[in-house]
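*Asks:* Take any residue in the sequence shown, note its place counting from 1, add 53, and you have its number in the numbering used here.
Backbone N, C-alpha and C define an ideal beta-carbon position, used for all residues, glycine too.
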Amino acid sequence: MPMPTLADIDDPRPSRVRGFAVGAAVAVPIGAVFLWFAIGVLPQLILDSAVEYDARLRQEDAYMQSLCANISKETIDRDEQLCECVLAVEYPALDCRAPFMDWSLERMDERCADETTHREALSFCSCVDAIGDQLEGLDREGKEAREIIQRYENCTALDDALYLPELTELVPDA
54 MPMPTLADID DPRPSRVRGF AVGAAVAVPI GAVFLWFAIG VLPQLILDSA
104 VEYDARLRQE DAYMQSLCAN ISKETIDRDE QLCECVLAVE YPALDCRAPF
154 MDWSLERMDE RCADETTHRE ALSFCSCVDA IGDQLEGLDR EGKEAREIIQ
204 RYENCTALDD ALYLPELTEL VPDA
């Protein structure tokens, strides 16, 4: 610190209170909004998202387990790969995600083959068709095919996405 001179005694340093008050006036409202968001809104968003995700997984679990519980000679070729996984694990929606998405993609490809359905769900069916085109000629068990199949989840988020077919449509005696 430099040595004070006679000029410093006559002209003292300005008070820092004004700067502190302005800083506090700006920082306190911004901090309060951030705190409100971090404590009140953000955890609720995370919980709501988790509850929604959990409900969807439970619905998919029930769907897969019902499908595989009612497997028949007519449907064994179509559903065998999915049901091998579903019947072997406790939570198929988590553990059998890749086979279920592949199976779902095939079912949606069949549904989108109908011209009327394709027109009604144009963006969804176009998305499914694009993924199907990318999968042509690939081994469905390969890494590249699995990465492409993961993109099907983006199709299901579209506004005109089709739901999975009812079990009565898939299993004749369900």
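Who are the near neighbours of W156 in its chain, counting only those whose CB is closer than 6 angstroms to its CB and skipping five residues on each side?
*Replies:* Once the five neighbours on either side are set aside, the close Cβ partners of W156 are L135.
*Asks:* Do you know offhand how far R131's Cα is from G93's?
*Replies:* Distance between the alpha carbons of R131 and G93 is about 48 angstroms.
*Asks:* How many Å lie between Y205 and L88 at the Cα?
*Replies:* One C-alpha to the other measures close to 37 angstroms.
*Asks:* Assign Y144 to buried or exposed, taking buried as 16 or more other Cβ atoms, counted over all protein chains shown, within 10 Å of its Cβ.
*Replies:* With fewer than 16 Cβ atoms within 10 Å of its Cβ, Y144 is classed as exposed.
*Asks:* Taking DSSP as the reference, what is the three-state secondary structure of D212?
*Replies:* Of the three classes helix, strand and coil, the one that applies to D212 here is coil, per DSSP.
*Asks:* Using a Cβ distance threshold of 8 angstroms, determine whether the stretch 214-221 contacts the stretch 173-182, with at least three qualifying pairs required.
*Replies:* Verdict: yes, contact present.
*Asks:* Roughly how far, in whole angstroms, is the beta-carbon of Q112 from the beta-carbon of V139, given that I think they are within contact range, below 8 angstroms?
*Replies:* 14 angstroms between Cβ atoms; not a contact.
*Asks:* Return the CA-CA distance between L110 and F153, expressed in angstroms with no decimal places.
*Replies:* Spanning the two alpha carbons is a distance of roughly 12 angstroms.
*Asks:* Just list the alpha helix (DSSP H) runs in the stretch 79-141, keeping only unbroken ones of 4 residues or longer that don't cross its boundaries, in chain order.
*Replies:* DSSP runs (the alpha helix (DSSP H)) wholly in the stretch 79-141: 95-122 and 129-139.
*Asks:* Classify V195 as helix, strand or coil using the three-state DSSP reduction.
*Replies:* In the sequence as presented, Val is not what sits at residue 195; that position holds Gly. Three-state DSSP puts G195 in coil, outside helix and strand.
*Asks:* So what's P67 in DSSP terms, helix, strand or just coil?
*Replies:* In this structure, P67 counts as coil in the three-state DSSP scheme.
*Asks:* Going by the CB atoms, is the gap between L188 and S174 shorter than 7 angstroms?
*Replies:* Per the sequence presented here, residue 174 reads as Ala, with Ser not at that position. No. Outside cutoff.
*Asks:* Would you call the CB atoms of F177 and C149 closer than 7 angstroms?
*Replies:* No, they are not a contact pair.
*Asks:* Which same chain residues, not among the five before or five after I201, have their C-beta less than 8 angstroms away from its C-beta?
*Replies:* Cβ neighbours of I201 beyond the five flanking positions: I184, Q187, L188 and L191.
*Asks:* Could you tell me the distance, in whole angstroms, from the CA atom of A77 to the CA atom of R71?
*Replies:* Those two C-alpha atoms are separated by around 10 angstroms.
*Asks:* Nearest CA to the CA of L220: which residue from L211, R160 and P67?
*Replies:* The option with the nearest alpha carbon to L220 is R160.
*Asks:* Express the C-alpha separation of A74 and M56 in angstroms, rounding to a whole number.
*Replies:* Each residue's alpha carbon lies about 29 angstroms from the other.
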